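Per this note's numbering, the very first residue in the sequence shown carries number 18; after that it's consecutive. Every residue, glycine too, gets a C-beta built ideally from N, C-alpha and C. Note that the structure is predicted; figures quoted are calculated from it, not measured.
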Amino acid sequence: MTKRGPTARMRPALAGLSAYRPGKALRFKLDANESPFPFSAPLLEAMQRAAFDSPLWRYPDARATPLRNALAEHLKVDGERLLMGAGSDEVISILMGAFGEGKALYPDPSFSMYAVSSKTHGLAPLPVATNADFTLDPERLERALVAERPVLAFYARPNNPTGAVFEESILREMIEKSSETLHIIDEAYAPFFSRAQSLQHFADEYSNVAVMGTLSKIGMAALRVGWLYAPKAVAEELDKVRQPFNLSVPVIESAATFLREGQSELERFLNEAQADRDELASILAGSAHIDEVAPSEANFLLAHAPDCERLHAHLLSHEVSVRVFRHPALAGWMRISLGNAQSRNALRDALGVFPAP
Ligand SMILES: Cc1ncc(COP(=O)(O)O)c(C=O)c1O
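So this is what it looks like as structure tokens:
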């Protein structure tokens, strides 16, 4: 039957999409790569005070100046080159909106929003398969970049959902070989590996590279703050696409306070995350139901289970939620966030009582 009414005239790509509806929240939440910890009460109270100690009857500062300054200091960059959004999801959407057509390349599998946001903005997703071990295939990538001339290329580093860190030398090669493409290095999970490995400096070295970041994975997912550190000319063009008041006053003020006053807590949290990842790895290595764990530098591990579907159902029945995927390259794999000690214990216990078929 042909569609009628206004929806019939919407982008045809919408027909193949579903609105994002996360599963029911369970007791042990290991499915969303969030931080499981609240920060200290004094820090949270300072953030709350800052959030509401502002004239709420006025529009926000359209440049989000207090947050821009705090973020510039945190990243040690020129604040004028930052574009900020309601999470990096909005930054991705602004990027797509700025081009409006063309192709958006990304190694596949990767973060689902690169494809979704391409489609909702009239761009064509251009997935380029990684090798079976989730590393980059430079020849395949180069072929796609040269033949398809995408307007955008996204590389999540570390990648989601695999945890792989794409090789710097391959990225350099791709960037240098396709100077018309704007290459985005998505560092959502970079705080979980050594800072020395960040490629933030690529945005200073190349006029066709920007580096994306977010507060979501380091304990402030609810605030929705993401950013792009871009060459000045790119940042200025993208700022025309951004809605002027995309960040609310409580978000601007509380996130700025978090960045100004929360640095030592943040450092402690990131150090603990390394130990948590080792512990999660040892739980998975000790389970007879997991036969492989992909190397990860992020706040999650991707584990392969020969009986994945049944194991997933079993974990859910024990109130442990992990993430499984429909992607064919990810069949049999589940992504497990670091979570807190209680959730990891619940996972260990549930793995220990997984019944034979
Ligand atoms: C690689 C990657 N980039 C960006 C995001 C979006 O983060 P947010 O919109 O919360 O900043 C995510 C979230 O899962 C992600 O995995």
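Next item on the list: Kindly provide the chain-ordered list of residues whose Cβ lies closer than 5 angstroms to any non-hydrogen atom of ligand 1.
Entry: A distance filter of 5 angstroms between CB atoms and the heavy atoms of ligand 1 selects the following residues in sequence order: Gly104, Ser105, Asp106, Phe128, Ala173, Asn177, Asp203, Ala205, Thr231, Ser233 and Gly243.
Note to self: Assuming the contact rule is C-beta atoms closer than 8 angstroms, Arg44 and Glu336 should be a hit. Round their C-beta distance to whole Å, please.
What the structure shows: 4 angstroms
Checklist line | Burial state of Ala219 (16 or more Cβ within 10 Å) | finding: A quick correction: the sequence has Phe, not Ala, at residue 219. Answer is buried; the Cβ neighbour count reaches 16.
Note to self: If distances are taken between C-alpha atoms only, which option among Leu276, Val339 and Met113 comes closest to Ala85?
What the structure shows: Checking the sequence, you will find Arg at residue 85 rather than Ala. Of the candidates Leu276, Val339 and Met113, the one whose C-alpha sits nearest the C-alpha of Arg85 is Leu276.
Margin query: From the DSSP secondary-structure annotation, give me the bridge partner or partners of Ala227.
Written below: Ile201, per the DSSP bridge assignment.
Next item on the list: With a 10 Å radius around its C-beta and 16 neighbouring C-beta atoms as the bar for buried, classify Trp74 as buried or exposed.
Entry: exposed
Item checked: Test item: CB-CB of Ala252 and Arg365 under 8 angstroms -> no
Note to self: For Met191, which residues in the same chain have their Cβ closer than 8 angstroms to its Cβ, ignoring the five residues on either side in sequence?
What the structure shows: Pro155, Leu158, Glu159, Leu162, Ala170 and His200
Note to self: Taking the alpha carbon of Ser271 as the reference point, which residue from Asp150, Glu284, Met237 and Val339 has its own alpha carbon closest?
What the structure shows: Met237
Next item on the list: Using only alpha-carbon positions, find the residue among Phe342, Ser134, Val145 and Ser186 that is nearest to Leu31.
Entry: Minimum Cα distance to Leu31 is reached at Ser134.
Check: Looking at C-beta atoms only, is the number of pairs between the stretch 174 to 191 and the stretch 112 to 132 that lie closer than 8 angstroms three or more?
Finding: yes
Checklist line | Neighbour-count burial assignment, Thr82, 16 or more Cβ in a 10 Å radius | finding: So Thr82 ends up on the exposed side.
Check: Do you know offhand how far Leu61's Cα is from Gly119's?
Finding: Looking at the two C-alpha atoms, the distance is approximately 43 angstroms.
Checklist line | The alpha helix (DSSP H) enclosing Ser110, as first and last residue numbers | finding: Gly104 to Phe116
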